[in-house]
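In this text, residue positions in the sequence shown follow the numbering used here: the first is 10, and each later residue adds one. Where a beta carbon is used, it is the ideal one built from N, C-alpha and C, also for glycine. Note that the structure is predicted; figures quoted are calculated from it, not measured.
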Amino acid sequence: MGVTRCFVVSDLHLGSAYFYHSHFLSWLDTLPQGVPLVLNGDVIDRPGQALPAAHRVVLERLVRESQSRPVIWVYGNRDAEFKLAEPGQIRFVDSWRLDRRLLVIHGHRLDRLMPRHAMFKWAFRRLHRCRIWLGGRDAHVAEYAKKWPLLYRVLNEHVARNALRVARQERVEAVVCGHTHAAMAIERQGRCYFNTGAWTEKPFHFLEVAPDRMALHTYEDDWDCD
Numbered sequence: 010m011g012v013t014r015c016f017v018v019s020d021l022h023l024g025s026a027y028f029y030h031s032h033f034l035s036w037l038d039t040l041p042q043g044v045p046l047v048l049n050g051d052v053i054d055r056p057g058q059a060l061p062a063a064h065r066v067v068l069e070r071l072v073r074e075s076q077s078r079p080v081i082w083v084y085g086n087r088d089a090e091f092k093l094a095e096p097g098q099i100r101f102v103d104s105w106r107l108d109r110r111l112l113v114i115h116g117h118r119l120d121r122l123m124p125r126h127a128m129f130k131w132a133f134r135r136l137h138r139c140r141i142w143l144g145g146r147d148a149h150v151a152e153y154a155k156k157w158p159l160l161y162r163v164l165n166e167h168v169a170r171n172a173l174r175v176a177r178q179e180r181v182e183a184v185v186c187g188h189t190h191a192a193m194a195i196e197r198q199g200r201c202y203f204n205t206g207a208w209t210e211k212p213f214h215f216l217e218v219a220p221d222r223m224a225l226h227t228y229e230d231d232w233d234c235d
């Protein structure tokens with residue numbers, strides 16, 4: 010019998026100061042045994058840089074998880090072609106498909122806006138750093154981008170529209186992405202687009218795929234800090 014259930018998360022950004030590592034470990038503890046876990050890109054923030062000890066613990070936990078459940082690591086733009094020295098049974102792929110039900114892709118290849126505006130991205134990141142230096146609340150740049158709702162809406166709609174086009178081309182019921190850090194669930198013309206957001210800001214989201222449904226969930230626990 011093939012896979013009928015799985016859980017999907019994206020954009021952990023291990024190595025980033027904004028990754029909620031304790032919350033993520035707590036969420037892993039809630040997963041039923043043996044059900045596949047799909048990590049949909051940007052698991053690592055900056056490959057090649059040493060991880061903080063707490064983030065190494067998360068990586069080691071993922072390797073251990075791969076000994077008791079399928080763990081699929083879908084590459085994103087941040088962790089493209091990243092390899093672990095001791096990966097356990099983790100599978101590294103560019104995309105992952107659950108029969109005709111679901112296609113898992115990070116989303117950066119569906120984003121044709123940001124790569125064309127490298128100067129804008131550079132200026133935006135500089136503005137964000139300047140804001141923090143002047144005393145603004147420290148936050149991931151994607152969280153700051155949400156303060157510009159019109160621009161952010163354009164990016165999200167752009168990726169969603171391209172994802173739904175891919176769903177039709179690939180003849181799957183749904184596509185799930187990360188990349189934009191904006192959790193959402195959309196249905197149009199019988200196809201679904203999900204985005205699982207990121208683990209760099211609250212609330213946290215994950216996609217649960219069951220034999221009879223797919224649902225985007227919010228995860229909350231009792232941790233006050235990370």
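- Distance, Cα to Cα, ILE195 vs LEU173? 9 Å
Quiz prompt | Local Cβ density within 10 Å of THR189, reported as buried at 16 or more and exposed below that | solution = buried
Whole angstroms are fine: how far does the CA of ASP230 sit from the CA of HIS126?
Per-residue confidence for HIS126 stands at a pLDDT of 41, beneath the threshold of 50, marking its modelled position as unreliable; the derived number appears in the next sentence. Their Cα atoms are separated by approximately 38 Å.
Since I believe CYS201 is in contact with LEU107 (beta carbons under 8 Å), could you give me their beta-carbon distance rounded to a whole number of angstroms? Incorrect: roughly 13 Å between the Cβ atoms, too far for contact.
Can you tell me which of the three DSSP states ASN86 falls into? coil
*asked:* Report the CB separation of VAL185 from VAL17 in whole angstroms; it is logged as a contact under 8 Å.
replied: 5 Å
Just grab the DSSP bridge partners of HIS214 for me. THR227
(Q) Can you tell me which residues form a DSSP beta bridge with LEU164? (A) None; LEU164 has no bridge partner.
Q. Per DSSP, what kind of secondary structure is ASP16 in: helix, strand or coil?
A. In the sequence as displayed, the identity of residue 16 is Phe instead of Asp. Strand, per DSSP.
query: How big is the Cα-Cα spacing for VAL7 and LEU60?
result: Residue 7 lies beyond the range of the chain shown here (10 to 235); nothing can be said about it.
Practice task
Less than 8 Å between the CB atoms is what I'm expecting for ALA63 and HIS30, so what's the real figure, rounded?
Solution key: 5 Å
>> Considering only the alpha carbon of each residue, which of VAL102, GLN76, GLY85 lies closest to GLU95?
In response: GLN76
- Task: Starting from ALA63, follow the alpha helix (DSSP H) in both directions and report where the run begins and ends.
- Result: 62-74
>> Residues in the same chain with beta-carbon distance under 6 Å from ARG110, minus the five sequence neighbours each way, listed in chain order, please.
In response: GLU182
Discussion item. Give me the residue from VAL44, ASN165, GLU69, GLY50 with the minimum Cα distance to GLU217.
Written reply: VAL44
Assumed close pair GLY187, SER19 - CB separation to whole angstroms, cut-off 8 Å
3 Å
Do GLN98 and VAL83 count as a contact pair if the criterion is CB distance below 8 Å?
no
Checklist entry - Helix or strand or just coil, what does DSSP make of PHE101? => result strand
Simplified DSSP assignment, three categories, for VAL80: strand
Item to complete: Please work out which residues of its chain come closer than 7 Å, Cβ to Cβ, to ALA192, disregarding the five sequence neighbours upstream and downstream, and give them in chain order.
Response: ASN204, THR205, GLY206, HIS214, LEU225
task = Can you grab the Cα-Cα spacing for the pair LEU71 / VAL168, in whole Å?
result = 28 Å
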